[in-house]
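Novice:
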Amino acid sequence: MRPKFVFALLLLALLALGAVFFLKQHLGNVAPSPTSPESATPAPPPASNVMASVAPPPAPIPAAPASTITLTPEQRQAAIDAETDRLQEWSMNDDPASLSNILADLTNSEKEIRDAAIEAAKQFGSTNAIPTLKAVAANTTDPEEQIALLEAANFLSLPGVNWGSTTPKTPEQIQADAQRKAEREARRQAMQNRALNQNSPAAPNN
Amino acid sequence: MKPNKTLICVMTLGTMIFAAGKVSAIPGVVNVSGTALSETDSNPSSGVSVGKVTKHGFKTKDVLSLLADATTNAWFTDKYSQLVYDPDAYNSDASGVYPYNVYGIFYVTNTSTHAFTRLDGLDGEGYYYSYVEFDSYGFYSLWEDGLGFWHDSGLGENYAESYKENENKGTYSSNATLQGLLYIHDDPYDYDITDFPGINFDNTNAIIIRGLGTFKYSDNSTTETELLTLSGSGDGYFSSSADSYPVITGKVTFKAKGPSVE
């Protein structure tokens, strides 16, 4: 009985040591930083911004975890296209949530999305975007992108154009328009005839 | 995944154009933004004249406002209205006026109501009219005679293009730098600014953006993607007394995606 008991005890001890060693190795490999932009688990808000934001502030990038989902080039492009389509839609809205989504994409990891976000911010046309555009510009290392962000901020600070009121035309103006139209058509006809004579019988540029 | 409204509207429009017998149809959304520098003169006192430059911004919504007034389509300024362009579409109405082929058709669509209006065509007397044109010469390989009315090689016809074609896989991608011109105007008979320089003076409201653009094209045998960016400057014509003849600086972006045709 006694040698058997000692053997069992030793076996248990070895198993326990092995388990401790295994867990230490395993946890050391898979535990990523909770703020990692490359984490397989996406940051909760905003749910529709499919690509991870990279700034501000840029989080330290740890070693790639074994469970990271790698997209094929086609999947990646599809994700970019989907997000730029959403940006186009948000740019036509006038609600704070849409603006928030647009501004979140200013720091997207994909340049194509960031460019689309800058354009969407301009089209949205809210001065509320100016502080974020300037803040992102301050944290951007790409000089061209920095200029684009600052230009967008300046653009939003400008007053809009004034086309002026369109008043109904007088009979004289309508008559003058008709005369101009006839003159233009005569010039176009002359141009067409010249082109036909120069290029006849073959079509030009062929 | 729920398809977005923009995609549905553009695809519906594309299907309608394709059904109408065009070779290819991948219309996409156009965005325009820029600034207008204009001079305001005053005489603060006898014998003293002062000119001041003011700067205003304009974006797609402002362009749609110009077009809404010009076409008397008030819905152009409604929420979710957008400017759509199909560069691949053979423009049979415009081609009927010229001894060469004209490519490219503009529309205004609304992704909520699905209303759409074409921005050129033939009027009741059979005369061609147009409110928007994008003119570019350099794409002989993609568009037989260039885009829009840019047919005069004296206006600039060169382009530089990097490309990769794989006949085995049926794929093609390219990135080209070209010269282009976007002309948006309210007098529908003042079209073709490239052949008729100065015709723009007859407009009440107009914007011209002329400059260097980049055109990215890819076809992976199932999907075609077109991405155009044009940055430049030009004249503007505003009917308001303060901004009558501004200098325009602007940027135009266009993106389209659709199924491969060949």
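First to last, the sequence lines map onto chains A and B.
Just so we're aligned: the first sequence equals residues 121 to 326 in my numbering.
Just so we're aligned: the second sequence equals residues 1073 to 1334 in my numbering.
Glycine included, each C-beta is placed from N, C-alpha and C at the ideal position.
1. Is the number of C-beta pairs between the stretch 1228-1240 of chain B and the stretch 1264-1280 of chain B that are closer than 8 angstroms three or more?
2. For Q309(A), does the count of other Cβ atoms within 10 angstroms reach 16, so buried, or fall short, so exposed?
3. On the three-state DSSP scale, how would you describe K231(A)?
4. List, in chain order, every chain B residue whose beta-carbon is nearer than 8 angstroms to that of K328(A).
5. Ends of the beta strand (DSSP E) at E1197(B)?
6. Rounding to the nearest angstrom, what Cα-Cα distance links N1375(B) and L1254(B) in this structure?
7. Which chain A residues are close to D1192(B), counting only those with a beta carbon under 9 angstroms from its beta carbon?
8. Quick one: what's got a C-beta closer than 6 angstroms to S1303(B)'s C-beta in the same chain, skipping five residues either side?
9. Note down the Cα distance separating E1298(B) from S1290(B), rounded to an integer number of angstroms.
10. Would you mind stating whether K1131(B) and K242(A) have Cβ atoms separated by less than 8 angstroms?
11. Thinking just about the alpha-carbon of each residue, which of N313(A), T290(A), V281(A), N317(A) is nearest to the one in I1320(B)?
12. For the stretch 266-283 of chain A, enumerate the residues whose C-beta is nearer than 7 angstroms to any C-beta of chain B, in chain order.
13. Who are the near neighbours of E305(A) in its chain, counting only those whose CB is closer than 8 angstroms to its CB and skipping five residues on each side?
14. Which bits of chain A does Y1261(B) rub up against, with CB to CB less than 9 angstroms?
15. Taking C-beta pairs closer than 7 angstroms, name the residues in chain A that S1303(B) reaches, listed in chain order.
16. Could you please tell me which residues of the stretch 227-254 of chain A, in chain order, have their CB closer than 8 angstroms to any CB of chain B?
17. If you draw a straight line from the C-alpha of D297(A) to the C-alpha of Y1317(B), how long is it?
18. Does the beta-carbon distance from S1153(B) to L1136(B) come in below 8 angstroms?
19. If you measure from the beta carbon of A167(A) to each beta carbon in chain B, is any gap under 8 angstroms?
20. R308(A) versus chain B: which residues are under 7 angstroms apart at the beta carbon?
21. Give the interface partners of L1138(B) over in chain A, defined as CB-CB distance under 7 angstroms, in chain order.
22. So, at 7 angstroms on beta carbons, what are the nonlocal neighbours of S1311(B) in its own chain, with the 5 sequence-adjacent residues on each side left out?
23. What three-state label does DSSP hand V1047(B) in the structure shown?
24. Could you name the residues that DSSP lists as bridge partners for L1299(B)?
25. On the DSSP letters alone, give me the boundaries of the alpha helix (DSSP H) that L276(A) sits inside.
26. Answer with yes or no whether the minimum CB distance from T1078(B) to chain A is below 8 angstroms.
27. Can you tell me which of the three DSSP states S1164(B) falls into?
28. Roughly how many whole angstroms lie between the Cα atoms of E264(A) and V1204(B)?
29. Does L1219(B) come out as helix, strand or coil in the three-state DSSP assignment?
30. Taking Y1200(B) and D1165(B) to be in contact with their CB atoms under 8 angstroms, please state how far apart those CB atoms are, rounded to whole angstroms.
31. Please confirm if the stretch 194-203 of chain A is in contact with the stretch 226-238 of chain A, defined as three or more CB-CB distances below 8 angstroms between the two stretches.
32. Compare the beta carbon distance of T1295(B) and K1241(B) with 8 angstroms and say whether it is the shorter of the two.
33. Using DSSP with H/G/I as helix, E/B as strand and the rest coil, what is L1109(B)?
Specialist: According to the structure shown:
1. Judged by Cβ distances under 8 angstroms, the stretch 1228-1240 of chain B makes no contact with the stretch 1264-1280 of chain B, as fewer than three pairs qualify.
2. exposed
3. helix
4. Any answer about residue 328(A) is impossible in this case: the structure gives chain A only from 121 up to 326.
5. No beta strand (DSSP E) holds E1197(B); DSSP gives it neither H nor E.
6. Because chain B in this structure spans residues 1073 to 1334, residue 1375(B) falls outside the shown range and cannot be described.
7. Under the 9 angstroms cutoff, chain A gives no residues; its nearest Cβ is about 14 angstroms from D1192(B).
8. Excluding positions up to five away in sequence, the list reads G1283, K1323.
9. 7 angstroms
10. yes
11. V281(A)
12. F275, L278, P279, G280, V281, N282, W283
13. Closer than 8 angstroms at the Cβ level, and outside the excluded window around E305(A), lies no residue.
14. Those are D297, R300, K301, R304, E305, listed as they occur along chain A.
15. Below the 7 angstroms Cβ cutoff, chain A contributes no neighbours of S1303(B), its closest Cβ being approximately 11 angstroms away.
16. E239, K242, Q243, G245
17. 21 angstroms
18. yes
19. Interpretation of A167(A) is limited by its pLDDT of 41, a score under 50 that renders its predicted location unreliable; the figure taken from the coordinates is listed afterwards. Closer than 8 angstroms: no.
20. V1169
21. W283
22. T1276, N1277
23. Outside the shown range of chain B, which is 1073 to 1334, sits residue 1047(B), and nothing can be said about it.
24. DSSP, once it has assigned bridges, lists K1288(B), K1327(B) as partnering L1299(B).
25. Taken as a continuous stretch (DSSP letters only), the alpha helix (DSSP H) holding L276(A) covers 263-277.
26. Because T1078(B) sits at a pLDDT of 49, beneath the cut-off of 50, its placement in the model cannot be relied upon, and the point is left open.
27. Note: S1164(B) maps to helix in three-state DSSP.
28. 30 angstroms
29. strand
30. 6 angstroms
31. yes
32. no
33. strand
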